[in-house]
Each structure stands twice: as C-alpha cells, then as structure tokens.
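S.K.:
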Amino acid sequence: MRLLFSKLRLSVLVSLIIISGCTTKFLYSNLDWVLVEYIDDYVTLSDGQEDILSERITLLGQWHKENELPQYLEQLTQIRNQDPKKIDAGYVLKQMDDVKIHTKRLMNQVTPDLYALTLQMSDEQVKELLQNFEKQDRRFVEKYQGLSEVEIREIYRERIEKNMVRWYGDLTDEQKALAKAWSDDMEVTIFDWQAHRQQMQYYMRQLLNRRNDLAYYQPEFQRFLNNSESFYSVQLARKIDYNRDVAAKYIAQSLNLMTTQQHQHLVMEIDEWRDIASDLISQLLLDYSPTDIFVLSTYTKSVSS
Numbered sequence: 001m002r003l004l005f006s007k008l009r010l011s012v013l014v015s016l017i018i019i020s021g022c023t024t025k026f027l028y029s030n031l032d033w034v035l036v037e038y039i040d041d042y043v044t045l046s047d048g049q050e051d052i053l054s055e056r057i058t059l060l061g062q063w064h065k066e067n068e069l070p071q072y073l074e075q076l077t078q079i080r081n082q083d084p085k086k087i088d089a090g091y092v093l094k095q096m097d098d099v100k101i102h103t104k105r106l107m108n109q110v111t112p113d114l115y116a117l118t119l120q121m122s123d124e125q126v127k128e129l130l131q132n133f134e135k136q137d138r139r140f141v142e143k144y145q146g147l148s149e150v151e152i153r154e155i156y157r158e159r160i161e162k163n164m165v166r167w168y169g170d171l172t173d174e175q176k177a178l179a180k181a182w183s184d185d186m187e188v189t190i191f192d193w194q195a196h197r198q199q200m201q202y203y204m205r206q207l208l209n210r211r212n213d214l215a216y217y218q219p220e221f222q223r224f225l226n227n228s229e230s231f232y233s234v235q236l237a238r239k240i241d242y243n244r245d246v247a248a249k250y251i252a253q254s255l256n257l258m259t260t261q262q263h264q265h266l267v268m269e270i271d272e273w274r275d276i277a278s279d280l281i282s283q284l285l286l287d288y289s290p291t292d293i294f295v296l297s298t299y300t301k302s303v304s305s
C-alpha cells in the first residue's frame, strides 16, 4: 500500500506538472483511466470499483486544477523572478517546504477516497496488493545489492548532474565539481530505506488485515498517508534532514554560478511550466459551466471539512 499511495501521489502531483506540454494536458484530461490502469498494475479492481474510482479521480483532477495549479503558478513565477546570484540555502529550503505543503494538501484531499477504496477490497485483493509490494521491494534491494559506497555515490553524482543539465543546460566545470562535492557530502540512505521498506511491509500487512476494525484502521490509515515521517527510524530521519540541508547548500551555489546562457535556459524551462499551468487553469473555465464549478466547489468543501 505504501508504494501504491506514494506512486499515486507521484502520478497526480509530479506526472501532471513535470511532464511537458501536450502530454501534461492529455494526462490531466484523462486522469481517470490513466490512474485506474496504473492501480490495476498492483491490484485487480472490479468493474464497480473502477467506476467509483474514475468518478472520484475526475473530481480530484478538477479540484487540483482549480485550487492547486494557481499556487504552483505563483511559486514558479516567484522563482522565475529571483536573481540566481542572490539565492542562498535558506531560500532553497523555503521552496522545498512549499512543495512539501503542496503535497500534503493533495494527500489530505485524496485520503478519504483511498480509505473508502481499501474498505471495499476483498481478502484476495489485499493478498494480491501485498504480493506486488513485496516484488517491488525485492527489485529495490536487487538494484543496489553488492554495490560499494563509492559506487552508490557515483549513482548520486550522475543523478545530480542529470537534473542540473535539465534545468541549466550544459554545465561548467565548477558546477560539475559541485555535483561531485554534493554526492560526496551526502549521507548514504539506500540501506536505511531498505530496512524501512521491510518494516513497512510488516506494518502494511497488519494494517490491511485489520481494515474491518475501524477504531484501529481509520486513524492508522490517516497517519500512514498524512504523517509518513512518523514511521522513520531516528537514523533515517536524521539523514534525510541532513541531506536536505546539503541539497539546499549546493543548489544555491550552483545557481550562484549560473552563466547568462544557463539563466536564459532556466527561465525558458520555468516559463514552459507556467504556460502549462495557465492553460490548464483557463481550460477549467472553458470546459465547465457555472453549475459544474459550483458542484466541484461543494465537493471540495465537503471533503475538506
């Protein structure tokens, strides 16, 4: 269940905002079947469950477009207008915090529907879901099995450089050196995550097997989705916080070193996302009558209250 809900979060928040241009708009217009098909990869839903889920996802997509996209647009505009030479680690941390707040709002919104879906699941569906999570966890372990710390840090460095290139374009030697220093300064968390996933596998089995005990299940389910940090070990939580501070420091330094050409590249990238968000917000007004928007607003208030 952990992977299902974390991937659902990724599908709604990241896939719809990070995937470019027409693809983003296409996904937004077809959220119901895209996410239903995705969830079906983990658990086989009945026709009735798929119909109900499709309806709720459609409403979620419209809520997201009406309430969340304007806030993403505001943040993107603020970042766009910031002088990269004046950005410091504190500024980057603030942007990270804002993204985390966006994600938590989304999870709060989707929690009631996911809770209702799990209550409708049969024992066979629960068994299938848990087996698929176990397979996913085994693949995660196998991916890094036998790697040394040096090899893991090289994976970190490659990921950091790839992300920099995406937003900056070609990197300078100084920025490549920063990527190397960043990967060297990070705490290695792969093995901590492996232990955490193993622990959560046991917890998820217990949670789902007690889904008919509502006095236990409802508060634990909400904690599971909306307070996932509470399940971290002390060591993992410390490493995550440390790596967050390290990331903020090196992101700020890499921005301070931007060339004029890189800044232009960054602005163009941000403007693409701003245009996508603006187009989707405008589409909401074109696609729905005042009555439809009123119904959507009523749904939003009822779920939030």
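FYI, the UniProt record's numbering numbers position 254 of the sequence shown as 254, with every residue one higher than the one before it.
Quick reminder that beta carbons are idealized off the backbone N, C-alpha and C, glycines included.
1) Any idea what DSSP makes of cysteine 22, helix, strand or coil?
2) Give a yes or no on whether the C-beta atoms belonging to alanine 179 and glutamate 161 are separated by under 8 Å.
3) Which whole-angstrom value describes the C-beta separation of threonine 44 and glutamine 131, a residue pair presumed to lie in contact below a C-beta threshold of 8 Å?
4) Quick one, which of Arg166, Val188, Arg157 and Asp192 has its alpha-carbon nearest residue 345's?
5) Expressed to the nearest angstrom, what Euclidean distance is found between the alpha-carbon atoms of arginine 210 and arginine 105?
6) Between Gln235, Gln201, Phe133 and Leu257, which lies nearest to aspartate 173 when the distance is taken from Cα to Cα?
7) Anyone know if the C-beta pair for glutamine 49 and leucine 117 falls short of 8 Å?
8) Can you give me the Cβ contacts of tyrosine 216 inside the same chain, cut-off strictly under 6 Å, excluding the 5 residues immediately before and after it?
9) According to DSSP, is methionine 186 helix, strand or coil?
10) Alpha carbon to alpha carbon, how far is glutamine 175 from valine 36?
11) For a test of the three-state rule: what should DSSP assign to aspartate 241, helix, strand or coil?
12) My understanding is that serine 144 touches histidine 196, with C-beta atoms under 8 Å, so please give their C-beta distance in whole angstroms.
13) So for methionine 121, helix, strand or coil by DSSP?
14) Terminal residues of the continuous alpha helix (DSSP H) containing asparagine 163?
15) Could you give the first and the last residue of the continuous alpha helix (DSSP H) run that contains isoleucine 87?
16) In terms of residues, what are the limits of the alpha helix (DSSP H) holding glutamate 55?
M.R.: Inspection of the coordinates gives the following:
1) Model confidence at cysteine 22 stands at a pLDDT of 45, short of 50, so the residue's coordinates are unreliable and nothing is read from them.
2) yes
3) Wrong, their Cβ atoms sit about 12 Å apart, outside the cutoff.
4) With the chain represented from 1 up to 305, any question about residue 345 goes unanswered, as that position is not in the structure.
5) Approximately 27 Å, taken between the alpha carbons.
6) If we check each option's Cα against that of aspartate 173, Leu257 comes out closest.
7) yes
8) Arg210
9) In this structure, methionine 186 counts as coil in the three-state DSSP scheme.
10) 41 Å
11) Here DSSP, grouped into helix, strand and coil, assigns aspartate 241 to helix.
12) What sits at residue 144 in the sequence shown is tyrosine, not serine. With 8 Å as the limit, tyrosine 144 and histidine 196 do not qualify as a contact, their Cβ atoms being about 14 Å apart.
13) In the three-state reduction of the DSSP assignment, methionine 121 falls in the coil class.
14) 149–168
15) Run containing isoleucine 87: none; DSSP gives neither H nor E here.
16) From DSSP, the alpha helix (DSSP H) with glutamate 55 extends over 47–63.
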